[in-house]
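Novice:
Protein chains: 2
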Amino acid sequence: MSKYSIGLDFGTNSVRAIVVDVSDGREAGSAVWNYAHGSNGIILGKDPTMARQHPADYIEGTRASICEALADARKTVKRFSPAQVIGIGVDTTGSTPFPVDANGMPLALKRQFRNNPDSMAWLWKDHTSVAEAHEITQLARKRRPEYLAKCGGVYSSEWFFSKILHCLRANPKIFKAAHSWVELADWIPALLTDTQSPDKFKIGICAAGHKAMYHQQWGGYPDKRFLGALDPELASLRERINREAVDVSCAVGGLSGDWAKATGLTEGIPVAAGAFDCHMGAIGAGIVPGTLVKIIGTSSCDIMIHPMSRPLDDIPGLCGIVPSSVLPNHYGLEAGQSAVGDIFNWFVNCIRPGGEKGSHEALTAQASKLVPGESGLLALDWNNGNRTVLVDQQLTGMLIGQTLHTTGAEVYRTLIESTAFGALTIINQFETHGLKVKRLINCGGIAQKNPLVMQIYADVTGRQMQISRSAQTCALGAAIAGAVVAGKKAGGYAGFPSAQKAMTGVKPKQYLPNPKAVAVYRKLFALYTQMHDSMGRPDHNGAMYNVMKDLLAIRAQARMC
Amino acid sequence: MSKYSIGLDFGTNSVRAIVVDVSDGREAGSAVWNYAHGSNGIILGKDPTMARQHPADYIEGTRASICEALADARKTVKRFSPAQVIGIGVDTTGSTPFPVDANGMPLALKRQFRNNPDSMAWLWKDHTSVAEAHEITQLARKRRPEYLAKCGGVYSSEWFFSKILHCLRANPKIFKAAHSWVELADWIPALLTDTQSPDKFKIGICAAGHKAMYHQQWGGYPDKRFLGALDPELASLRERINREAVDVSCAVGGLSGDWAKATGLTEGIPVAAGAFDCHMGAIGAGIVPGTLVKIIGTSSCDIMIHPMSRPLDDIPGLCGIVPSSVLPNHYGLEAGQSAVGDIFNWFVNCIRPGGEKGSHEALTAQASKLVPGESGLLALDWNNGNRTVLVDQQLTGMLIGQTLHTTGAEVYRTLIESTAFGALTIINQFETHGLKVKRLINCGGIAQKNPLVMQIYADVTGRQMQISRSAQTCALGAAIAGAVVAGKKAGGYAGFPSAQKAMTGVKPKQYLPNPKAVAVYRKLFALYTQMHDSMGRPDHNGAMYNVMKDLLAIRAQARMC
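Spelled out as structure tokens, the structure:
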């Protein structure tokens, strides 16, 4: 009898559940549940930096997606039974924290707070906390430089303590009403295992280590004195979050009776510690040392791992180097771009180019006919700030080189190229600091569906692009964690190496760099780097006079060919 | 019996004729004839810098527009007769030169050359001659710096000799087949007066002085040695263009019998020397010393005059300081922006934002609701290069500050603002060099039709914006020249001051700067200037790090109000 594992993947707009055959990683069933609140699941405000989610969507999404995925498996697999599911893994966006009461109940579910965005989940891409992130960074630079060394040198407005501190400042009523704050990645496993008190959560090292300055070296979360220097209220909160962080090979508990009843799954099957989507995605893509896994969606996460037995220096600009944050006994290294697909979506949905014919498909088809350099355009991919290597949310987009003939398709291609240049900047940062990138595996919707994007990435980086076999790499990674915490005896695996070997793979179609394009993009990348440094580095005193002229020269050459 | 004058205005896409009552400047009749060739009258090529026109359109356009305007006057004015027309004035785009044979016939009208773009008119915005312009500038810097001092320090690719030299280099067959080259502004009066030999043309000082380095001081066009150093063929051409330049108070001849027959006008009525559209527009707007006339269309021309009796230094970046180029006995000073309306048209027609609802009207309506600074965007208005003050066609557009929420209307408003910042840069250049701008009169379609643009110009410059009463200021200026060359005896005027007083005026509706908006735009203009200098000045070593951040701060403040 086949055994199955469930991967639960909480994304930006929806939650997905997949039921995976543990023998080969193939999906037996899957379901997507779109969040019901807000605009595509996101609660927006007048302030364009705000992005929240309603926790009610997490609960209903968990139930609905599991039930539908099981029903789907019943349709696909003869005699499939939920009893064959041996474990559950969970991944989520992050840092996506929210305030809870002493029983772990989100404040947003309480009548008196239910329409208050500050009581809801502060989605990863909420940037309301820029000032607080800066304050935390400044304090840490002075008093705890070691905290910053593990998260790229700058604490981000996207992260746990920035958001909590902003709530404390901007809406003290909500802060005071909260007993504690939890990460979505930790709250879902707690929900499934009926672990009520947030003080006792076993939390995932991934979220804590990458976004909340959690490290064994200094005893977990930042110490009370440091937090107290930001605000005495934070010092007091620190006492209530004395949690134990574990890696995804650990189960935080067994499925509760209520959830077993609600879903038809077996009570007590282990639920793995939660992790961020991209970290689980790296597992699902088959990450090993030397492989860079890129999860390309609305934003990108770029993950590498490095054996903890071998030395590794801190790397500036990374959003974290955390022991066991991806796989046990390996440093997990996370880099990323604050927006990738979101930039293409912005152009299509907010600018709405091309009259009636401005779909992604139409623009992609037109952009495919262009050759590198012929538009004379160059862009910075910073519409949502820059996560790696500048770690600066107060950066914005830039487009340069427009003439009176520039078309929407040319801009669209340029935006794709800009994200590829951003990706190359990250690769270079890894390699400069000793992590050779021997192989690239791409996952996520864009990698799966847009050959133009992948070909441009191959041409810009000069490297072969492989695509993860699974279209749902993050959910697959979560399911692998489920199979590992279930253990060999139950029909799962003793560890990740054997589980990944059996359950992951890449597609036969690979994208090879075209030497002609590589040569043009090498020139454009030099200009991108010049603009990147001039606009993004405070100490950069760069003349920009050459940029437009060089672009015109590249354009002239491209058009001659 | 009322007397009338005809103004003929050759624009970028069409030719317009107006029949004007000389007593008050009101239009009795008008007609527009759209050029038949190319795309909106412009012959384009694969090279995006090419822009040509077919001379056949000039001939048919002259006939058709005059005849239709007279017919229109007949409908409007009881007992109107073409015999009441006492003079004709002509204005055209420029520099728009083309090759002609020894009888003044355009090569493009000959069967063997008729599909060859190089035989056609090289429209003002043709930028194929960038390399040749650079070569001329370099040579003049070394050997004839006085030439450059009168045209802003840089000889442009838009101008007469750049285009001729490029033709010589790129298509020597056409160059050799040509007996000579003429400016459109000179060729139309010659056509109307049946002056065949281009060697004997009386030419307008406006075109010659501003775009062909013609100056009394050195005996007309650049000397043979200078041109010979560029190419021996140019030295030989110089012998065939030993022409006399006159101002628009001079008639180049009387209307020919053939043209009188074709139009119903009286044979022999005087045709004034031709001038560029914006210079005639300045006359039609009522220019006097201290007034800056802005003709805002696809591009902008900014004109001032200064009495020749008073000293005036050379002003860097102007496209010319030429004695009597606008009005007799006054220096004519021309500045301008390479694209204004063309930038808005580019966004609407090439990017086509807003899905099906991306018209100028819809975008203007949405953009009107925005307050200065709230978009966080800033642009450089260089999609067609920069005419004043940088005199550099190898500059391109730039947009900065995009987020994931930036809308098409925000970009549209930002493009308008960018042209206003460009306009202010020109005003500042005039004032820095001793020409106080006491009054601003705007003409052209955009000034007439778009209150948002005019209000933004008032707010950005902190100055009152007046609008010329006539919607066809350039054609009116030409008609005023027609009334002046006709003379007082024939029912016209003895000179321009009395003619302008009677025939020009401004609209009652004026745009006053809003102090709140002025304060925000002052900050944005500082950032514009920073970007302008960083991207546009070779010696500028400016850090750009502050730009995005300052824009975000301005945005935050704008959204708080």
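First to last, the protein sequences are chains A and B.
In terms of numbering that gives the first Met the number 0, the first sequence opens at residue 0 and continues consecutively.
In terms of numbering that gives the first Met the number 0, the second sequence opens at residue 0 and continues consecutively.
Every residue, glycine too, gets a C-beta built ideally from N, C-alpha and C.
Pull the bridge partners of A:TYR146 from the DSSP assignment, please.
Specialist: According to DSSP, which records beta bridges pairwise, A:TYR146 is partnered with nothing at all.
Novice: Could you tell me whether the segment 303 to 320 of chain B touches the segment 340 to 351 of chain B, where touching means 3 or more Cβ pairs closer than 8 Å?
Specialist: no
Novice: For B:LEU511, count neighbouring Cβ atoms within 10 angstroms of its own Cβ and tell me buried if that reaches 16, exposed if not.
Specialist: Flag for B:LEU511 reads exposed.
Novice: Just checking my contact of B:LEU376 with B:VAL410 at CB under 8 Å: how many whole Å lie between their CB atoms?
Specialist: 7 Å
Novice: Quick one: using the 10 Å Cβ neighbour count with 16 as the cut-off for buried, is B:LYS487 buried or exposed?
Specialist: exposed
Novice: With distances taken from CA atoms, which of B:ILE65, B:SER94, B:VAL76, B:ILE173 is nearest B:GLY86?
Specialist: Selection B:ILE65, B:SER94, B:VAL76, B:ILE173 evaluated against B:GLY86 yields B:ILE65 as nearest (Cα-Cα).
Novice: Any idea if A:ASP538 is buried or exposed, counting beta-carbon neighbours within 10 angstroms, 16 or more meaning buried?
Specialist: exposed
Novice: Do A:THR48 and A:VAL14 count as a contact pair if the criterion is CB distance below 9 Å?
Specialist: no
Novice: Name the DSSP bridge partner or partners of A:ARG554?
Specialist: According to DSSP, A:ARG554 bridges with nothing at all.
Novice: Closer than 9 Å by beta-carbon distance: list the chain A residues that pair up with B:GLY152, in chain order.
Specialist: Near B:GLY152 there are no residues of chain A at all, since even the closest Cβ is about 17 Å away, more than 9 Å.
Novice: Give me the Cβ distance between A:LYS548 and B:GLN336, rounded to the nearest whole Å; I'm assuming they're in contact under 8 Å.
Specialist: With 8 Å as the limit, A:LYS548 and B:GLN336 do not qualify as a contact, their Cβ atoms being about 20 Å apart.
Novice: Helix, strand or coil, according to DSSP, for A:TYR154 in the structure here?
Specialist: coil
Novice: Check the DSSP bridge columns for A:LYS201 and list the partner residues they point to.
Specialist: A:GLU243
Novice: Which residues bound the beta strand (DSSP E) around A:CYS66?
Specialist: Looking at the DSSP string, A:CYS66 is not in any beta strand (DSSP E); the run it does join, the alpha helix (DSSP H), is 54 to 75.
Novice: May I ask which residues mark the beginning and end of the alpha helix (DSSP H) holding A:MET303?
Specialist: It is not in any alpha helix (DSSP H) - A:MET303 instead sits in the beta strand (DSSP E) that spans 299 to 306.
Novice: Near A:GLN465, what residues of its chain come up, given a Cβ to Cβ distance below 6 Å and the 5 sequence neighbours on each side ignored?
Specialist: ILE440, VAL505, GLN509
Novice: Could you give the first and the last residue of the continuous alpha helix (DSSP H) run that contains B:ASP391?
Specialist: Where B:ASP391 is concerned, there is no enclosing alpha helix (DSSP H), given that its DSSP letter is neither H nor E.
Novice: Taking only beta-carbon atoms, is B:VAL546 less than 9 Å away from chain A?
Specialist: yes
Novice: Please classify B:GLU416: is it buried, with 16 or more other beta-carbons within 10 angstroms of its beta-carbon, or exposed?
Specialist: buried
Novice: Any beta carbon of chain A sitting closer than 9 Å to that of B:GLN401?
Specialist: yes
Novice: If contacts are defined as beta-carbon pairs under 8 Å, then B:SER374 and B:ARG412 qualify, I think. What distance do you get, rounded to the angstrom?
Specialist: 7 Å
Novice: Residues of chain B with CB under 8 Å from A:CYS349, in chain order?
Specialist: LEU403, HIS404, THR405, THR406, GLY407
Novice: At the 9 Å Cβ level, is B:ILE295 part of the contact set with chain A, yes or no?
Specialist: no
Novice: Does B:SER38 pass the burial test, meaning 16 or more other C-beta atoms within 10 Å, or should it be called exposed?
Specialist: Under this definition B:SER38 is an exposed residue.
Novice: Closest by CA to B:CYS300, which one among B:GLY289, B:CYS277, B:GLY285, B:ALA284?
Specialist: B:CYS277
Novice: With respect to the alpha helix (DSSP H) encompassing B:ASP276, which residues constitute its N-terminal and C-terminal limits?
Specialist: 276 to 283
Novice: Please state if the CB of B:GLY218 and the CB of B:ARG242 are separated by a distance shorter than 9 Å.
Specialist: Contact flag unset, no.
Novice: Residues in its own chain within less than 8 Å of A:ALA422 by CB, not counting five upstream and five downstream?
Specialist: Excluding the 5 residues flanking it on each side, A:ALA422 has same chain C-beta neighbours closer than 8 Å at LYS293, SER299, ASP301, GLN336, TYR456, VAL459, THR460, in chain order.
Novice: Along chain A, which residues have their Cβ under 8 Å away from the Cβ of B:GLY375?
Specialist: THR395
Novice: Is B:TRP345 close to chain A, meaning its C-beta is less than 9 Å from at least one C-beta of that chain?
Specialist: yes
Novice: Please classify B:ASN449 as buried or exposed, where buried requires at least 16 other C-beta atoms within 10 Å of its C-beta.
Specialist: buried
Novice: B:ARG536 versus chain A: which residues are under 8 Å apart at the beta carbon?
Specialist: Close partners of B:ARG536 in chain A (Cβ separation under 8 Å): TYR544.
Novice: Does the segment 92 to 112 of chain B come close enough to the segment 175 to 186 of chain B that 3 or more CB-CB pairs lie under 8 Å?
Specialist: yes
Novice: Distance check for A:THR192 and A:THR265, CA to CA, integer angstroms please.
Specialist: 12 Å
Novice: In the structure shown, what three-state DSSP assignment does B:GLY322 receive?
Specialist: Note on identity: in this sequence residue 322 of chain B is Pro, with Gly being the wrong assignment. B:PRO322: strand per DSSP, three-state reduction.
Novice: Among A:LEU7, A:ALA482, A:GLY407, A:ASN12, whose alpha-carbon lies nearest the alpha-carbon of A:CYS249?
Specialist: Comparing Cα positions, the closest option is A:ALA482.
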